Amino acid sequence: MSTMSEASRLQDEIIIRMEDVQKWYGTFQVLKDINLKVRTGERIVICGPSGSGKSTLIRCINRLEHAQKGRIIVDNIDVGASSRDLDAVRREVGMVFQQFNLFPHMTVLENCMLAPMKVRGTSKAQAEATARKYLTRVRIPDQADKYPAQLSGGQQQRVAIARALCMSPKIMLFDEPTSALDPEMVKEVLDTMVSLAEEGMTMLCVTHEMGFARSVADRIIFMDRGEIVEEGAPDTFFSNPQHERTRNFLGQILSH
Amino acid sequence: MLRQFGTNEFLFILAAARWTVLLSLIAFAGGIVGGLAIALMRVSPLKILSATAGGFIQVFQGTPLLMQLFLVFFGANTLGLDLNPWVAAAIALTLNASAFLGEIWRGCIQAVPRGQWEAAGALGLHYPSLMRYIILPQAFKIALPPTVGFLVQLIKATSLAAIIGFTEVTRAGQIINNATFKPFLVFGTVAAIYFALCWPLSHISMRLERRFAAASAR
Ligand SMILES: Nc1ncnc2c1ncn2[C@@H]1O[C@H](COP(=O)(O)OP(=O)(O)O)[C@@H](O)[C@H]1O
Ligand SMILES: [Mg+2]
Numbered sequence: 001m002s003t004m005s006e007a008s009r010l011q012d013e014i015i016i017r018m019e020d021v022q023k024w025y026g027t028f029q030v031l032k033d034i035n036l037k038v039r040t041g042e043r044i045v046i047c048g049p050s051g052s053g054k055s056t057l058i059r060c061i062n063r064l065e066h067a068q069k070g071r072i073i074v075d076n077i078d079v080g081a082s083s084r085d086l087d088a089v090r091r092e093v094g095m096v097f098q099q100f101n102l103f104p105h106m107t108v109l110e111n112c113m114l115a116p117m118k119v120r121g122t123s124k125a126q127a128e129a130t131a132r133k134y135l136t137r138v139r140i141p142d143q144a145d146k147y148p149a150q151l152s153g154g155q156q157q158r159v160a161i162a163r164a165l166c167m168s169p170k171i172m173l174f175d176e177p178t179s180a181l182d183p184e185m186v187k188e189v190l191d192t193m194v195s196l197a198e199e200g201m202t203m204l205c206v207t208h209e210m211g212f213a214r215s216v217a218d219r220i221i222f223m224d225r226g227e228i229v230e231e232g233a234p235d236t237f238f239s240n241p242q243h244e245r246t247r248n249f250l251g252q253i254l255s256h
Numbered sequence: 001m002l003r004q005f006g007t008n009e010f011l012f013i014l015a016a017a018r019w020t021v022l023l024s025l026i027a028f029a030g031g032i033v034g035g036l037a038i039a040l041m042r043v044s045p046l047k048i049l050s051a052t053a054g055g056f057i058q059v060f061q062g063t064p065l066l067m068q069l070f071l072v073f074f075g076a077n078t079l080g081l082d083l084n085p086w087v088a089a090a091i092a093l094t095l096n097a098s099a100f101l102g103e104i105w106r107g108c109i110q111a112v113p114r115g116q117w118e119a120a121g122a123l124g125l126h127y128p129s130l131m132r133y134i135i136l137p138q139a140f141k142i143a144l145p146p147t148v149g150f151l152v153q154l155i156k157a158t159s160l161a162a163i164i165g166f167t168e169v170t171r172a173g174q175i176i177n178n179a180t181f182k183p184f185l186v187f188g189t190v191a192a193i194y195f196a197l198c199w200p201l202s203h204i205s206m207r208l209e210r211r212f213a214a215a216s217a218r
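From first to last, the protein sequence lines are chains A and B. Following my numbering, the numbering of the first sequence begins with 1 at its first residue and continues without gaps. Following my numbering, the numbering of the second sequence begins with 1 at its first residue and continues without gaps.
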């Protein structure tokens with residue numbers, strides 16, 4: 001992708017703004033002075049050692065975790081302000097988990113229809129049409145009436161992506177979406193994410209898939225011990241990392 | 001003059017078994033409603049609700065059922081309410097069943113994986129919908145075997161109602177024994193009736209448990 005088209009694709013509007021966010025578990029500080037601005041349409045990859053706070057950071061965005069200090073503004077809504085604001089944020093932010101977290105007692109179609117009907121008040125017919133549209137887009141339209149346990153891991157994760165998309169979110173969060181998958185299924189999930197990126201979705205992805213990061217990310221963020229140590233465009237991030245900790249991490253992860 | 005233990009005596013005991021069944025069913029039905037309320041309060045994010053339910057459970061688990069029966073039966077009488085043994089037994093057993101089922105179901109609700117709560121929350125589902133559509137249906141499956149197991153305990157526990165004078169199967173046995181003085185025969189019959197009620201349920205509970213274990217091992 002050329003720099004020119006990049007510049008025109010990314011808008012100036014800031015859709016996520018994290019200001020001086022700090023979070024503790026007991027006395028253990030898991031997030032330290034996190035400042036992050038994400039522009040509409042931006043694709044961000046977050047990487048870093050296990051336990052560095054990557055999951056905690058993105059889970060603060062839809063308030064699955066609560067940060068004790070700082071402000072988080074998503075789509076001009078203060079995440080921590082009130083429960084009504086939280087509702088508004090959660091309607092706009094989709095999330096995909098490492099362990100899929102599909103609802104095992106519901107069919108694939110029901111998984112995708114529930115939230116639009118119960119949260120957005122969409123009619124059943126409309127919810128089904130939307131669900132089928134997104135199941136087609138993640139290329140599993142024929143699995144709609146199966147239960148999650150009948151699907152492969154890769155298929156389950158694609159259902160999870162479709163389920164989130166059915167709420168028409170403005171932002172998608174991915175927390176190591178391919179880490180629980182058998183190697184042969186990683187690609188089908190990454191391909192789905194790439195096509196989502198091509199459609200202009202704002203995405204924050206915690207992943208160690210550096211090929212994906214290189215080809216899709218506008219910006220890569222490296223975290224260690226609760227801090228954002230370094231961030232940059234993929235080119236400079238991989239070819240010229242500034243910090244020792246980043247170099248060590250890249251050395252380890254790229255040698256595999 | 002001692003009576004013989006004949007067909008009439010046997011039928012008298014057997015007929016009383018319907019009161020055992022009825023009392024069990026009433027307490028179980030009441031316990032389902034009360035237990036669901038207690039379980040939902042117990043897992044509520046509101047401290048006051050969860051503490052209240054916790055206290056209720058502690059009291060009823062920490063005291064003998066017989067004392068609970070006495071307290072309801074004699075307690076109501078001292079308060080000027082004239083409860084017959086029937087009603088007193090039904091109330092006490094319902095409260096007791098609510099506490100035990102509430103505690104069993106609390107565990108089942110909390111056994112639903114964290115990720116299910118998070119996925120539902122991330123989709124914007126509110127607490128009532130989250131409970132109703134995501135958590136309770138999954139907790140229900142986990143709860144089935146221990147709930148049926150508890151029903152077995154409850155049926156046997158109704159025998160205590162004999163002590164406050166309610167003529168269910170145990171009390172019927174006492175009456176016949178006083179007249180015939182054939183304790184082995186009489187109480188053997190009573191025990192056999194309990195066994196006939198409980199054994200099929202225990203069996204169902206065990207089969208459900210095995211099926212559940214097989215399903216979750218997949
Ligand atoms: N609920 C929790 N209670 C206590 N510590 C936690 C909790 N969740 C995460 N942590 C700790 O916070 C740190 C960051 O966790 P996490 O954000 O999951 O890291 P990452 O996703 O980068 O692997 C880890 O050290 C982890 O042990
Ligand atoms: Mg993580």
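Virtual Cβ for every residue (Gly too), placed ideally from N, Cα, C. Nothing here was measured: the structure is a model prediction, and the numbers come from that model.
L64(A) versus chain B: which residues are under 7 angstroms apart at the beta carbon? Ordered by position in chain B, the residues that pass the 7 angstroms Cβ test against L64(A) are E118, G121 and A122.
Quiz item: So, using beta-carbon positions, are T202(A) and V38(A) closer together than 8 angstroms?
Solution: Yes; because the gap between Cβ atoms is below 8 angstroms, this pair is in contact.
Would you report the Cα separation of L36(B) and A76(B), rounded to the nearest angstrom?
Rounded to the nearest angstrom, the two C-alpha atoms are 26 angstroms apart.
### Query
Going by the C-beta, is F28(A) closer than 7 angstroms to any heavy atom of ligand 1?
Yes, ligand 1 has a heavy atom inside 7 angstroms of this Cβ.
* Whether F172(A) touches L57(A) by CB criterion (8 angstroms) -> Just to set this straight, residue 172(A) is Met in the shown sequence, not Phe. No, the pair does not count as a contact, with Cβ atoms beyond the cut-off.
Quiz prompt | Minimum Cβ-Cβ distance from Y133(B) to chain A less than 8 angstroms | solution = Yes, Y133(B) lies at the interface with chain A (some Cβ there is under 8 angstroms from its Cβ).
*How many Å lie between M106(A) and R90(A) at the Cα?*
Rounded to whole angstroms, M106(A) to R90(A) spans 22 angstroms at the Cα level.
### Query
What residues from chain B crowd round F97(A), counting only those whose CB sits closer than 9 angstroms?
Think of a sphere of 9 angstroms around the beta carbon of F97(A): the chain B residues whose beta carbon falls inside it are G115, E118, A119 and A122, in chain order.
Quick one: what's got a C-beta closer than 7 angstroms to L11(B)'s C-beta in the same chain, skipping five residues either side?
-> For L11(B), where only same-chain residues beyond five positions count, there are no Cβ hits under 7 angstroms.
8 angstroms contact criterion, which A172(B) and A16(B) should meet: CB distance rounded: Yes, they are in contact, since the Cβ atoms of A172(B) and A16(B) sit about 3 angstroms apart, within 8 angstroms.
Taking the C-alpha atoms as reference points, what is the distance between A115(A) and K133(A)? Cα-Cα distance, rounded: 16 angstroms.
Chain-ordered neighbours of Q110(B) on chain E, where CB pairs are closer than 8 angstroms: As a matter of chain content, chain E is missing from the structure shown, whose protein chains are A and B.
task: Would you tell me roughly how many angstroms separate the C-alpha atoms of V74(A) and L36(A), rounded to the nearest one?
output: Roughly 11 angstroms separates the two Cα atoms.
Span of the beta strand (DSSP E) around T130(A): Not the beta strand (DSSP E): T130(A) falls in the alpha helix (DSSP H), residues K124 to R137.
For C47(A), list the residues DSSP reports as bridge partners. Looking at the DSSP assignment, C47(A) forms a beta bridge with F222(A).
Supposed close pair Q143(A), Q155(A) - CB separation, criterion 8 angstroms: Contact check for Q143(A) and Q155(A): beta-carbon distance about 6 angstroms, within the 8 angstroms limit, so the pair qualifies.
Q. Does any C-beta atom of chain A lie closer than 8 angstroms to the C-beta of S44(B)?
A. False, the Cβ-Cβ gap to chain A never drops below 8 angstroms.
Distance, Cα to Cα, A88(A) vs F174(A)?
-> Rounded to the nearest angstrom, the two C-alpha atoms are 19 angstroms apart.
Closer than 8 angstroms to chain A by CB, P145(B): Chain A, which has no Cβ nearer than 8 angstroms to the Cβ of P145(B), makes this no.
task: My understanding is that G153(A) touches D182(A), with C-beta atoms under 8 angstroms, so please give their C-beta distance in whole angstroms.
output: Rounded, the Cβ-Cβ distance is 6 angstroms, consistent with contact.
- Is it the case that the CB of K54(A) approaches a heavy atom of ligand 1 more closely than 7 angstroms? If you check the C-beta of K54(A) against ligand 1, you find a heavy atom less than 7 angstroms away.
Item to check | Under 7 angstroms (Cβ pairs) to chain B, residues found in the region 157-184 of chain A | outcome: Taking 7 angstroms as the Cβ-Cβ cut-off against chain B, the residues of the region 157-184 of chain A that qualify are M167.
Quiz item: Looking only at its own chain, which residues have a Cβ that is under 8 angstroms from the Cβ of M4(A), when we skip the five neighbours before and after it?
Solution: With a pLDDT of 45 at M4(A), under the threshold of 50, the modelled position of this residue cannot be trusted, and the question is left open.
Checklist entry - Any residues in the region 169-183 of chain B with a beta carbon nearer than 8 angstroms to a beta carbon of chain A? Which ones, in chain order? => result Against chain A - using a Cβ distance shorter than 8 angstroms - the region 169-183 of chain B contributes no residues.
* Relative to ligand 1, is the shortest distance from any of its heavy atoms to the C-beta of G48(A) smaller than 7 angstroms? -> Proximity of the beta carbon of G48(A) to ligand 1 is indicated: a heavy atom of the ligand is located closer than 7 angstroms.
request  = Go ahead and pull the three-state DSSP assignment for I253(A).
outcome  = Look at I253(A) here: in three-state DSSP terms it is helix.
Q | Those runs of the alpha helix (DSSP H) which lie wholly inside the region 23-90 of chain A and span at least 4 residues | A | Complete alpha helix (DSSP H) runs here, min 4: 54-61.
Any heavy atom of ligand 1 closer than 7 angstroms to the CB of G70(A)?
For ligand 1, no non-hydrogen atom lies closer than 7 angstroms to the CB of G70(A).
Is it the case that the Cβ atoms of G230(B) and S98(B) are separated by a distance below 8 angstroms?
Since the first residue of chain B shown is 1 and the last is 218, residue 230(B) is not available in this structure.
- [ ] Mind checking which residues open and close the alpha helix (DSSP H) that includes R151(B)?
- [x] Reading the sequence as shown, one finds Leu at residue 151(B) and not Arg. Unbroken alpha helix (DSSP H) run through L151(B): L136 to A157.
For this session: With DSSP as the reference, please indicate the residues paired to I171(A) in a beta bridge.
Result: V93(A) and T202(A), per the DSSP bridge assignment.
Residues near F150(B) in its chain [Cβ-Cβ closer than 7 angstroms; skip 5 each side]
Excluding positions up to five away in sequence, the list reads F100, L101 and I104.
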